[in-house]
Each structure stands twice: as structure tokens, then as C-alpha cells.
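Visitor: Everything in the sequence shown is counted per my numbering, starting at 2 for the first residue and increasing by one. Sharing a structure below in C-alpha cells format, with a few things to ask.
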Amino acid sequence: MMKFTPNQQKALTIDKHVCVTAGAGSGKTTVLVERYLEILRSGNITPSQIVAITFTKKAAAEIKARIIKEIHEERNRKVRENYIEEMNTAPISTFHAFCARILREYPFDAKIPASFTIIEGIEQKILLREVIKNAFDNIVSSIDNPFYSHLEFCLYRTRNKQFLTDLLTDMVNERSSIEILRESVYENIDNTDIPQRWYEAFNAPILTEKELSNFMDNLYSILEISKGRNVEKTRELLQQISTLSVQNEDNEEQRRLLIEITGLISTAKNEIATRYLVGINVDKTDIADNIELVLDKVKKIKSAPVYDANTNFETDDELLYKISQNLLPLYDLILKNYQEIKFTQGKLDNQDLQLKTVYLLKNNLSVRQKIRKQFKYYMIDEYQDTNEIQSELVNLLTNNLNDSNLFIVGDPKQSIYGFRGADVRVFDETKQKIKELDGEDISLQENYRSLRDVVGFVNSIFKRQDGDQLENEFDVIYEPLHKARSADGNGSVEIILRQEEYDISESDLIAQKIKSMIDSKVKIWEQGEDIKETPRAIQYGDITILIRSRGHLPTIETALNKFGIPYLTSGGIGFYQRQEIYDIWNYLNFLSNPDGNDTSLIGVLRGPAFGISDVEIFEISHLGKGSFWDNSIKYKSPSKRLCQAIATLKNHIEIAKRMSINRLIQTIVNDTGMIGAIKTGNKGEQKWANYKKLLELAGTYDGDEFSDLLDEFVKYLDILISEEPLEGDAPVEESSSAVKIMTIHSAKGKEFPVVILPSLDRQTPTTHEPIIDDKLGVGFSPLRPEKEYHKTEPVIVPAIKDRKKSKENAEEKRVFYVGVTRARDRLILSGSINEEGKSKNRLQEIIEILEFSNENDMIQVQVKLDVYSDGETIQDIFQLPIPIIKQIGEIDNRTPFDEITNTPPELPYDEIEKSNYASTFNVQELAIYGLCPLRFYLENVLNISALGVDSRPEETQILDQQNENLLSSELAELKSSSLFSVSNQQIHTKLDKHIIYGRLNWLVKEESGIWHGIKVPTDNTENMNVLSTEMELYGLLLYANYPNQQTIHITCYSPFLKRHIEKSFVISDLPELRLSWIERISNLQHEDYTKNLEHCNFCPYSDLEGNCIVNET
């Protein structure tokens, strides 16, 4: 059991409300789990009375698993005996799942469908879009429609119909904010006067207190050496501002003074006034940085809008407010229609789950009392990510903390989900309420995750960046971390500066740095079985690159590939736009309408499914007026590959409408070359995971029961491809031999030995209209039809944008904090600087805080760090060395990616030289190479027809004939006596890095439980021995699929000779057999087409005397 710190022990109090502010790596989940157990150990409460809430299903499952694991410890024996069975149904879930639990128990009281399902993602998006479209169509169908004037007014004054659709979509999806705004901004919808809140915003300070303080300090520094005529007047105005600040005078006067100052100190081009302020002959070198910082605030002051209400015409703000008055009736109509159609379909969306639960608890006293009696303890994890609705829900459940016990734990510095509606202010509001009720307010500052230098760096940056003064209402005060990790190492912090004047990318520098760390075997610290940490050499899997957005992925992936560095991408974007998904959509689209989807058919034929040459595609396209499918069938000189493709497509057309979608996709992939294209290459694991994710999507798709399921799914997937560009790739298993790449958001709650944070100079996305602000309302710039649709400039819009920007900037600082605190041992920061040593955004802030330039190769930062050990806290003062890396030694970048495998070999016998690249092979083709490499070359490379061999029948005819012959043979008895059998079974496996696939005519499970493979060759060969190579490969395939069998049985049946041969493989024989085939594949890839003279007597490429048609040269 972990030894708790005094504050952790204090957090286990169960007779008071508790608020825990838990710093990064402070063991908050351990505290939450132990407190849960402490409640159970009290003996008065059961698991069904404790509600534990977190923010993801995965986190909820992990918390429950940890609690159950601890219950099985001897110290919790009594708890285990009493409650272990009840833990399975304990309410440990997300907020949404807990709300769903309440609503399912009281559906009629909540006035919702009893057995509702959840609609989310693209389905919810499509449904809402349809509702809005239908509402618009219905309104414009009659001028007498009561909503006609509202829609007309809005359409003429917004940019287009799509803008209005998007705005109403946002309003419905953020309806909790809209309902708040009804009471505060739009409370009197018939009043044309702009709301009081807008007037307050017009007169708000231009600069925050922190910005004003910095502006004045830097301006005073400039004035000290300035000699212009405006110096004294500027000093006088600054003194007046200081007086106003002390006296807390109104903001309007401060605004006037700042505007007057900017006129004195800057030019119209926002440059410093050299002549009238600094002086013409004054050297500005020493005050260059001060000037830059002052001019930055000058621009903000000058751009601050001023509202003039003393006009005889309608102001832009009045127009915006009038549009809002017309928007709300449209919003009400659309929300009503949206709710009705959802309820008709028995569905709720995620907003409904929370809003309907709040409505139920507010308006039904009986239900409210039952729930308060049922649940006695509430424990909420990651409370910094809650919003106002969830806060209201907590107050209703606990009767404003008067009936139930509340425990919240979180870290406001890690509140990074504002884009999902999280509001960091809620944490502090609830904390204050707990303190007022004499609850515990506890801080956990001990960091058990990171080594000394990483913790010291984090404190140095964020103490200076955030300090003790809040810049705005969305900022949080920084509480320094204490080092508590017991490892002896100090760790390291490094900064990579890519200089813009040099022709090397930042991503290349990062890749070189990774190679350098691996080659030099830098140390990281790892905990052993005895809990003691010891150093070991770094591996690729210890390194994680954390990106701010997935848009940074392509350049990083390119660099890692260039330098031969294996990597795994977690949560890459564009799942639906991946080639493997699009290839499957093309195939399905063709099957849904073979004669009407020529483009998809061409894509299928040219793509990985069949690989038909462009020459054949071109010739087919010039055959006539028919569809491409008809012309493909009529084509008179098809290659062997095209014949196989047409036969396969005909078979799939026949079965397409009779199969479930996911089964059809599996059949397509297994029957074609797609299986190899998906599984191989340096992104094979990711492509295979994406394929599995698509199968899951197809498996859950039910479509419209009255329509064609395949056609509906094709349309649905087409919408996803077009409109869901940010859908993440499927997750793949982590590997110890691959660098990990993931977003900072997806890394939250995790830790890594080495963290690299790139692109710290990149701009964050700009704010786009429309904006919905929960305090000021809906903001955008309307058009004036009477003035040729001139775009207006309401003063409130910049105020709304400033609030949003303040919120986003505060969150960006917290995102950076989350990123750096993921590092256990080594932290590497990266970005670009210009020739003057300047950068942007986060990197420029670091440069200013640490006070270094591009001339520095190393900086030393003095750090005072509290260190916790053995129950005591002492202070450590040291110099933190931070290397500044601008160039990394030359590293050979020619290492091919495929030489570095992400997975260990399947069997420990890989002593031969590996082939150069991954590929895919059909058993029959590969078996031909095993018989005679030259025959393979003639048949599959040169496509030379064998002597005396006519064109082969279609594949479906071959399979039917094979099965008919097989069932009339003596093997029919084996099939009839089997426990289970399947026909035409596609199987595949990975051999080294290659995919080998084939098809068994029958796969039967004998009474002994052994699987037995039966193959009927398509050749009418008279010599059964030539089939031995094919049987070897099927033996390897069958073993890979059923590895627990001690013996593998393969039988080949010859319809021509009407007899069969059987071959058995003992497991001990397989490693050597496997290596022999890997070697043959390597020879094939090195184009070794040696003639096998022993095969000539049975080869279709020999003459009547059994001599090869290729002469020796």
C-alpha cells in the first residue's frame, strides 16, 4: 500500500465535503480510489450509494478496475466479503452515463421515450441538418407562414443560407447557453434597445490589469532615455492612469487616457514616434524590446471599437440585436421539430441527457427526494472539465451540498476541454461553496512523475507566466510542484531552435535528435520489481512526440520515414479519408449499382483489389457506349488478372444484397488483393486497425428497414468521407520499438520517459464567426441589404471575440502545461526562430522568460525547488542547465524504414537475411515460384500463355465444379462426419513482414477437434507431387490460424485423377519450413528466376519432349 502524504491523508476524510486541487503526477486517482474504499470500510454505505463520476468511459472502467483490485487486497477482506458482487453494478461512470441511468429509471416522469437510444456524431449532425432544411422548405412554401418574416429578415442580413444553417445548428447544440442568454441578454425580445450587458462590455477596460501594468512599465523604461517633446505629457497621462487605478475610477476615463497616450507615442503606421517621443539622435538599441512590447499594446488600444449611441440612425449593434430577435423564433421552431423527430425515433442526444435530468430534478419533487435518499456520496474526478449544467446537476443531486457528501478532485491548470463546453471557473465556484460549508480545501503539489530538472523547468516557466495575478477570469493561479520521485537521476530539458535562414526543417532536426539519442544510448530511469529505479538505455518506444493539432502530423511523419525511425500515430485525423477506407467505399459503391458507377469500378480495378494495368483500363474505356462494367465483360483479350477480377466481381454482385454490410466488406477484402494492401507496409498496423474500425461501424449500421441496406450504407459512408475530416484513426497497440505520436489532448492522464513538444512557434487557429458567448450572446457581422449588402461592424462583436480569445489563450497555456508535465525523464521543446532570434507564441514566451537568444548554446536557470521525501519537505537550490540545439551531427538518413520492424519476429529462428520490402502473395502464385522460379517469371511477370492451354473458365465455375467433384469423392465422408465445416474459406497469415493468403475449398473440424484443410487444385495435373509446395504453404497458413494444434493436416484432391494425397506437419517442423519460404520470397524479390530442371516434365512451359521452351544462354 502506498504511503500517503499528510495532504493525501487529509483528502481521505469522509465526514466533510472535500475539494482536492491535484497537481500533475500527484497521485489523485490513488487518493480517489482509497477514499472510495474508506467509505466502504466505514460499514454504513454500500457501493450502490456511492456515485463516482469521471469524463471518459475508459477512465471510469479503469477506476472501477482499480477499486476491485484493491478490494482483493487482504486489508480489504471485509469489504470484499460484503460488497464484491455489488461492485459490478456500482454507479461508476461518466456524467452522461449517470444521467442516462436516472432517465431510464424515471422515463415517464422525465417525459422521454422509455427505451431511448443515444444519437451522436454524424448521425446527430445529419438529423439536425435535415430538420433545418425541412423547416426552411416549409416556411418558404407560403408567405403566410408565421415564421416567413423571421426567416426572410435573417436570410437577407446573413451571408448565405449555409451561414444561417450553421448558426442555428450551433444554437441547438449549445442550447444550454442559449437558455442562459434568454434570461440575461435576450430577456425582452420585443425591446429594440440593446441590452445593458452590451453597454457594460463597451466600457470595459481595453487592457487587463496585468497588460496595463506591463505596458506602463515598458513605457516608463522608454521615457527614461527619451528626449522628444511628448515625453513630459506622456508621463503626466501615465500618472493620471495610476491615480485612477488606485481610486478604482471608471473605465471610460482610463480608455480616453490610453487612446491619448497612443497618439503621443506612436505614428499612424503603429511605429514608435522617433521624432516627437524618443528623439532623433537617441540610440534605441537598449530599449528595442521595450518598444516592441509597447507597440503590441498600442495596436490593441487603437483597434478597440467605440460605441456611439448618439446617432439618428440604426447602429450596427442595434441591427445585430434585431437579427437575434428574429433568430430566436426560428431556433425555437427548429428545436421543437428536432426534439419531436428524436422522440418519435426513440432517441436522445448528449445535450438531452443532462438537460432532461436537470429538468426532472427541478420539477419533480418526488423523484428528487428518492434520488437524494438513494445516493449518499458523490465523488467527481477531473472536476476542472465540468460546465455550468453539470454544476447545476451536482447542486440538485446534493441539495446544494446540504444532503449528500461531495468530493471533487481536479487540476484547473489541466482544464483543456473548452471546445467541449468545459468551464474552468466552475471548479473555483464549487471550491468556494465547499469552504463556506466548512469543508476541506486541499492541494496536492507533490509530483511523483518527473525528475528534478523537468519539475524545476515547469515551475520556472509557469510561475513567471501565470504568477499570482490573474490576467482574466479564465486564468488560474499557478501552484508550484514539489519533486517527490525518488530516482537518483536529474533528467534533462533541451530546446531545439530551427533557424529560418538554414535549409533544414524543424521535423528533420527532431528526427536527427531521436536518432542521436538512440545511437548514443542516453539513459532513462525505470522501476524494477523491487520498486527501486535504475537507469537503462533509451529505446524508440520511450519517446513520445506530443503535437498540438493533428495538422502537424504530415511533416513529422515525413521526417521520421526519411531517417528510418519507426513510429506509431495515435489518433491521427482523416479516418474516413484514408485510402483504405475510400478503396472499400469504391467497391461497395460499384456493387450497389454496377452499371451506374463507372468511376468507382475503374478505381476498384486499378486499385489494390485487382491491380489492373492502365493499358487495359484505357482499351476497355474505348469499346463503346455501354457501361464500363458491360465493356469489361465484353473485352475480348483480357489478361489473367482481369479474368479473375471479373469473376470475383460477378460473385460479389450476386451476394452483395444478401449479406450484412460488415460480412460483405470482409468477403471483399479477403477475396481480393486488398488484404495485402491493408496489412503490409510501414503503416500496415494502422491500416489494419482502420479496417477493423470500419467493420465495427458497418456492424452497428442498421439503416432504414424499408430501403436497400447496401445503398443506404454507401450513401452514409459517402457523407462521412465528405463531412467528417477530423475523425481520428483507429487506435493501435503501443510498441516498445516505435516512437509514439499523439495529440496533447489524447496524452492527458498519461506519462512518458521522453517527451518532445514541436512547433511551439505555431499560431493557434483564429476565431471565426458566428460566436456564441454565454455572457454577451450571439456575435457576427450582419449585412445591410439597403447598402448593397455592406458588411457591418457591431462594436459588441470585437468584445465577444476578445472574450473568446482570452478564454482560448488561457486554455493554450494550460495545454502547454499538460504537454510538459507528461515527461518523466527528458523534455525536449522545439520551434523556429528568425534571423533576429525572435519567434512567436509559446516559444517566444519561453525565450523571454528564460532570457536567451539564438547565440546561446547553453543557458543556466537558477531554480528553487521543494523536494518531498520520507514525510519531509526540503528546499533544493540548483542551476538547471538547458542546452540550446541548433544543429545536430550528420546522421545517415538512408536506412530504409522496413529494416526497422515494429514487431518482433513470429518465431525465434530468423537467422537469414530479411528481404527488403513487405509484399503480398497468393499461395498458388508463390507455390509456382517454389516449383520453378523461371515458370513464375513466364507466367506472372511476362504473362506468357502456357503451351496448349486455352483460356480458363470463370472462377465461380471452377469453384462450383471443384466442390461438386469433391462431394462425389471419398473425402465426402470426412466432411459428413465432421463437427463443423465451411466451404471456400479464405485464410491468410503474416510470414516475416509479408502477407500470404489463399483459399481452402473445405475447412472441416474433425471429431477429435482438429481442423483439417482440403484443397482442390485448379490445374489438371497428372503428377500429385507438384502440389507439395502448395500444401506446405497451406500448412503454414493453417498453423497460424490454429496454433494450438500439435499436428496440421492438409489434403489435396485431384478431380483429374480422382484421388487425393494427404500431408501432415508436426509443429517442430514448421520453424525450418517457415524460414525456407522466407528465403524463397527474398530470392523472388531479388529477381532470382533460376530454372528448376526437375520440374520440366510436369511444366506447361515445356515442349512435347519435356524440355523447357527457354533455351540456356
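From the three backbone atoms N, C-alpha and C, an ideal C-beta is built for every residue, glycine too. All of these numbers come straight from a predicted model, not from anything done at the bench.
Short of 8 Å in beta carbon distance, which residues of its chain neighbour V299, apart from the five on each side in sequence? Order them along the chain.
Guide: On the sequence shown, position 298 is the one that residue 299 refers to. Answer for V299: T263, I266, S267, N271, listed in chain order.
Visitor: Considering only residues of the same chain and omitting the five flanking positions on each side of F5, which have a CB-CB separation below 7 Å?
Guide: Walking along the sequence shown from the start, residue 5 turns up at place 4. Correct list: empty, nothing qualifies.
Visitor: In this structure, does DSSP put G1014 in helix, strand or coil?
Guide: In the sequence shown, the residue the question calls residue 1014 occupies position 1013. Of the three classes helix, strand and coil, the one that applies to G1014 here is strand, per DSSP.
Visitor: Let me make sure I understand the geometry here. Which of I886, N448, V52, Y577 has the alpha-carbon closest to that of C1121?
Guide: Residue 1121 is absent from the structure shown; the chain starts at 2 and stops at 1114.
Visitor: If contacts are defined as beta-carbon pairs under 8 Å, then K377 and I886 qualify, I think. What distance do you get, rounded to the angstrom?
Guide: Taking the first residue of the sequence shown as position 1, residue 377 is located at position 376. Taking the first residue of the sequence shown as position 1, residue 886 is located at position 885. Not a contact, Cβ separation roughly 56 Å.
Visitor: Below 8 Å, how does it come out for the region 627-634 and the region 679-696: are there three or more Cβ pairs, yes or no?
Guide: Verdict: no, contact absent.
Visitor: CB-CB under 7 Å to H553, same chain, minus the five flanking residues each way: which ones, in chain order?
Guide: As a working mapping, residue 553 is identified with position 552 in the sequence shown. Cβ neighbours of H553 beyond the five flanking positions: P759, S760.
Visitor: Give me, in chain order, the residues of the same chain whose beta-carbon lies closer than 6 Å to that of P48; leave out the 5 immediate sequence neighbours on both sides.
Guide: The sequence position of residue 48 within the sequence shown is 47, counting from 1. Cβ within range, chain order: Y84, E87, M88, A91.
Visitor: Which word fits Y503, buried or exposed, when buried means at least 16 other C-beta atoms lie within 10 angstroms of its C-beta?
Guide: Along the sequence shown, one-based indexing puts residue 503 at 502. Exposed, by the Cβ-count rule.
Visitor: When DSSP builds the beta bridges, which residues end up paired with S870?
Guide: By one-based count along the sequence shown, residue 870 stands at place 869. According to DSSP, which records beta bridges pairwise, S870 is partnered with E873.
Visitor: By a C-beta neighbour count over all protein chains shown, 10 Å radius and 16 as the cutoff for buried, is I140 buried or exposed?
Guide: As a first step, residue 140 must be located in the sequence shown, where it is residue number 139. Buried, since its Cβ has 16 or more Cβ neighbours within 10 Å.
Visitor: Do L866 and G492 have their CB atoms nearer than 8 Å?
Guide: For the purposes of this step, residue 866 is taken as residue 865 along the sequence shown, with counting starting at 1. For the purposes of this step, residue 492 is taken as residue 491 along the sequence shown, with counting starting at 1. Their beta carbons are not under 8 Å apart, which means L866 does not touch G492 by this criterion.
Visitor: Leaving aside the five residues before and after I133 along the sequence, list all residues of the same chain whose C-beta is less than 8 Å from its C-beta, in chain order.
Guide: Position 132 of the sequence shown holds residue 133. For I133, where only same-chain residues beyond five positions count, the Cβ hits under 8 Å are T166, L169, T170, I335.
Visitor: At which residue ranges does the region 823-853 contain complete alpha helix (DSSP H) runs of 4 or more residues, listed in the order of the chain?
Guide: Taking only runs of at least 4 residues, the alpha helix (DSSP H) segments lying wholly in the region 823-853 are 842-851.
Visitor: Considering just the uninterrupted stretch of the beta strand (DSSP E) at I40, what are its terminal residues?
Guide: Residue 40 sits at position 39 when you count from the first residue of the sequence shown. Not the beta strand (DSSP E): I40 falls in the alpha helix (DSSP H), residues 29-42.
Visitor: Do P1117 and Q255 have their C-beta atoms within less than 8 Å of each other?
Guide: What the structure shows of the chain is the stretch from 2 to 1114, and residue 1117 is not part of that stretch, so it cannot be assessed.
Visitor: Is D803 close to the ligand NAD? I mean its beta-carbon at under 7 Å from any heavy atom of the ligand.
Guide: Judged by which ligands are present, the structure shown has none, so any question about the ligand NAD falls away.
Visitor: From the DSSP output, in three-state form, read off D774 for me.
Guide: Your numbering for residue 774 matches position 773 in the sequence shown. In this structure, D774 counts as strand in the three-state DSSP scheme.
Visitor: Only counting the same chain, and skipping five residues up and downstream in sequence, which positions put a Cβ closer than 6 Å to that of T902?
Guide: Stepping through the sequence shown from its first residue, residue 902 is reached at position 901. Its pLDDT being 31, under 50, T902 is placed unreliably in this model, and the value from its coordinates should be taken loosely. Same-chain partners within the cutoff: there are none.
Visitor: How close, in whole Å, do the beta carbons of R158 and P786 come, if the pair is a contact with beta carbons under 8 Å?
Guide: For the purposes of this step, residue 158 is taken as residue 157 along the sequence shown, with counting starting at 1. For the purposes of this step, residue 786 is taken as residue 785 along the sequence shown, with counting starting at 1. With 8 Å as the limit, R158 and P786 qualify as a contact, their Cβ atoms being about 7 Å apart.
Visitor: Residues bridged to I1051 by DSSP?
Guide: The residue you call residue 1051 lines up with position 1050 of the sequence shown. Note: I1051 sits in a beta bridge opposite G1014, K1064.
Visitor: In three-state terms, what does DSSP make of Y379?
Guide: Taking the first residue of the sequence shown as 1, we reach residue 379 at position 378. Y379 falls in the strand class under three-state DSSP.
Visitor: Which ranges would you report for the alpha helix (DSSP H) in the region 132-166 if only whole runs of at least 4 residues count?
Guide: Listed in chain order, the complete alpha helix (DSSP H) runs (minimum 4 residues) inside the region 132-166 are 149-158.
Visitor: Just to confirm the assignment: which complete alpha helix (DSSP H) runs, minimum length 4, are found wholly within the region 491-557?
Guide: If we require 4 residues or more, the alpha helix (DSSP H) runs fully inside the region 491-557 come out as 507-521.
Visitor: If you run the structure through DSSP and keep just helix, strand and coil, what is H746?
Guide: Position 745 of the sequence shown, counted from the start, is the residue given in the question as residue 746. Here H746 sits in helix by DSSP.
Visitor: Among E770, K808, P555, which has the Cα closest to the Cα of M743?
Guide: As a working note, residue 743 is residue 742 in the sequence shown. When only C-alpha atoms are compared, the closest one is P555.
Visitor: Decide if the region 324-332 is in contact with the region 150-157; the criterion is three or more beta carbon pairs, one per stretch, under 8 Å apart.
Guide: Verdict: yes, contact present.
Visitor: What residue from P771, S116, H653 has the CA that sits closest to P795's CA?
Guide: To locate residue 795, count along the sequence shown from 1; it is residue 794. Here the closest residue by C-alpha is P771.
Visitor: Near D350, what residues of its chain come up, given a Cβ to Cβ distance below 8 Å and the 5 sequence neighbours on each side ignored?
Guide: Counting from 1 along the sequence shown, the entry for residue 350 is found at position 349. Once the five neighbours on either side are set aside, the close Cβ partners of D350 are I119, I120, E121, Q125, K343.
Visitor: Taking its Cβ as the centre, do 16 or more other Cβ atoms sit within 10 Å of P783, making it buried, or is it exposed?
Guide: For the purposes of this step, residue 783 is taken as the residue at position 782 of the sequence shown. Buried.
Visitor: Who are F442's beta bridge partners in DSSP?
Guide: Position 441 of the sequence shown holds residue 442. Note on residue identity: the sequence assigns Asp, not Phe, to residue 442. Its beta-bridge partners are C20.
Visitor: Out of curiosity, what's the CA-to-CA distance linking A648 and A678?
Guide: Locating residue 648 in the sequence shown gives position 647, where the first residue counts as 1. Locating residue 678 in the sequence shown gives position 677, where the first residue counts as 1. Their Cα atoms are separated by approximately 20 Å.
Visitor: Do G612 and R642 have their C-beta atoms within less than 8 Å of each other?
Guide: Along the sequence shown, one-based indexing puts residue 612 at 611. Along the sequence shown, one-based indexing puts residue 642 at 641. Yes; because the gap between Cβ atoms is below 8 Å, this pair is in contact.
Visitor: Where G1107 and E1088 are concerned, what is the direct C-alpha to C-alpha distance, given to the nearest angstrom?
Guide: Within the sequence shown, the letter at position 1106 stands for residue 1107. Within the sequence shown, the letter at position 1087 stands for residue 1088. Looking at the two C-alpha atoms, the distance is approximately 25 Å.
Visitor: Quick one: residues in its chain with C-beta nearer than 8 Å to the C-beta of D709, no 5 flanking neighbours on either side, listed in chain order?
Guide: Mapped onto the sequence shown, residue 709 falls at position 708. Hits under 8 Å: S593, K658.
Visitor: Does the beta carbon of V715 sit closer than 8 Å to a beta carbon anywhere in chain C?
Guide: Given the protein chain composition of this structure (a single chain), no chain C is represented.
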